[in-house]
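Chemist: Residue numbers (UniProt numbering): 1 to 293.
Quick reminder that beta carbons are idealized off the backbone N, C-alpha and C, glycines included.
Predicted model only: the values in this text are computed from it and were never measured.
I have a structure here, written as structure tokens, and I will follow up with some questions on it.
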Amino acid sequence: MKITVLGSLGNINRNYLPRLIADGHDVTVITSSQDRVDAIHALGAKAAVGSNRNVNFLTETFKGSDVVYLMITGINPMSGTDMWQAAIELSENYKTAVQNSDVKNVVNLSSIGADNPKAGILYMYHFMEDALNSLEGVNIAHIRPVGFYSNLFADMQSLKTQQTILSTVSADITRGWVSPVDIADVAYALISHTQAGKSAKFVVSDWGTGNDWLKALAENEIEAKYQQIPVEALAANMKKIGFHEDTANRFVQMNCAGENADEFYASLRATDYHLGKVKLKDFAKVFAEAYKK
């Protein structure tokens with residue numbers, strides 16, 4: 001098959017692209033950076049350099065593809081970007097490019113919360129899902145991962161300076177965490193065989209509370225305590241480091257939604273979600289290596 005993917009050689013793509021290429025597929029990787037071209041070629045894929053804001057570029061690159069893999073990318077929240085508006089614009093770009101290129105199979109990296117208006121910033125992914133789902137005669141498979149383990153690296157500074165994890169979510173709330181490795185397994189399967197119609201697949205690597213995270217760190221010789229902070233403090237800090245006001249407020253709304261885990265994960269738990277292999281204790285080892293360096 002001819003496959004075109006967005007996301008360059010990011011953490012998810014680098015885990016499944018070699019498998020697609022080994023299967024004999026003709027793979028084109030879209031990247032915004034000329035510096036990535038040699039690495040893409042080294043994998044055995046083709047490179048297409050351009051912007052996901054350029055509909056004509058996307059359309060021409062998608063043409064002839066049996067399947068395309070999409071994601072909301074290229075948004076830096078600390079630059080003051082209004083993530084909500086950026087998601088709307090990208091969604092329309094992708095919809096138009098898929099329609100104009102006559103692609104019939106799409107795999108889209110979405111997120112938990114895409115179907116939940118109370119999920120704050122995560123609900124921005126519904127723009128993409130709704131735009132793609134409106135295309136007739138196109139098979140659309142959405143991937144909805146939970147929170148990335150890598151988000152826990154935000155704890156690094158407070159751990160080093162205060163031996164404390166600061167969070168707006170209570171230490172006893174069970175949360176879902178995911179590794180790019182497990183998302184890649186789902187992406188590989190859906191790109192290889194995109195199911196008919198419109199569908200969504202949730203992805204979780206492991207479940208754990210803040211207390212579980214403390215225990216996993218302790219097993220790697222990082223002793224810490226857990227301190228719940230008010231959401232107002234989170235919003236103020238985000239705005240201080242450059243977040244758009246609306247974006248910061250929607251992140252706060254997401255954190256508030258996370259306090260009600262039963263509701264937040266209700267749609268996920270009602271499905272046959274993919275439970276991956278990379279567990280919290282596995283990521284704790286990765287985190288500890290970075291911490292000790």
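Would a C-beta distance cut-off of 8 Å place residue 103 and residue 57 closer than the cut-off?
Modeler: Their beta carbons are not under 8 Å apart, which means residue 103 does not touch residue 57 by this criterion.
Chemist: When you compare each of 17, 33, 227 to residue 162 by their alpha carbons, which one comes out closest?
Modeler: It is 227 whose Cα lies nearest to the Cα of residue 162.
Chemist: Please say whether residue 284 and residue 220 have beta carbons closer to each other than 8 Å?
Modeler: Yes, Cβ-Cβ distance for residue 220 and residue 284 is below 8 Å.
Chemist: Looking only at C-alpha atoms, which of 9, 4, 246 sits nearest to residue 294?
Modeler: Residue 294 lies beyond the residue range present for the chain, which begins at 1 and ends at 293; the question has no answer from this structure.
Chemist: Shortest alpha-carbon distance to residue 118 belongs to which of 133, 259, 140, 164?
Modeler: Of 133, 259, 140, 164, the residue nearest in Cα terms is 259.
Chemist: Do residue 55 and residue 98 count as a contact pair if the criterion is CB distance below 8 Å?
Modeler: No, the pair does not count as a contact, with Cβ atoms beyond the cut-off.
Chemist: Work out the CA separation of residue 264 and residue 176 for me, nearest whole Å.
Modeler: Computed Cα separation, rounded: 10 Å.
Chemist: Does residue 241 pass the burial test, meaning 16 or more other C-beta atoms within 10 Å, or should it be called exposed?
Modeler: It is exposed - the Cβ of residue 241 has fewer than 16 other Cβ atoms within 10 Å.
Chemist: By how many angstroms is the C-alpha of residue 291 removed from the C-alpha of residue 143?
Modeler: So the alpha carbons of these two residues sit roughly 31 Å apart.
Chemist: Please state whether DSSP places residue 31 in a helix, a strand or coil.
Modeler: Strand at residue 31.
Chemist: Could you round the C-beta distance between residue 203 and residue 274 to whole angstroms and report it? I think they count as a contact, below 8 Å.
Modeler: Sure, about 5 Å apart at Cβ, within 8 Å.
Chemist: For residue 49 versus residue 67, is the C-beta spacing smaller than 8 Å?
Modeler: No; because the gap between Cβ atoms is not below 8 Å, this pair is not in contact.
Chemist: What first and last residue would you give for the beta strand (DSSP E) that runs through residue 105?
Modeler: That run of the beta strand (DSSP E) goes 105–109.
Chemist: Residue 270 bridges to which residues according to DSSP?
Modeler: Beta-bridge pairing links residue 270 to no other residue.
Chemist: Please report the straight-line C-alpha distance between residue 178 and residue 60, rounded to a whole angstrom.
Modeler: Distance between the alpha carbons of residue 178 and residue 60: 33 Å.
Chemist: Provide the residue(s) that pair with residue 166 in DSSP beta bridges, ordered along the chain.
Modeler: For residue 166, which the question treats as bridged, DSSP gives the partners 227.
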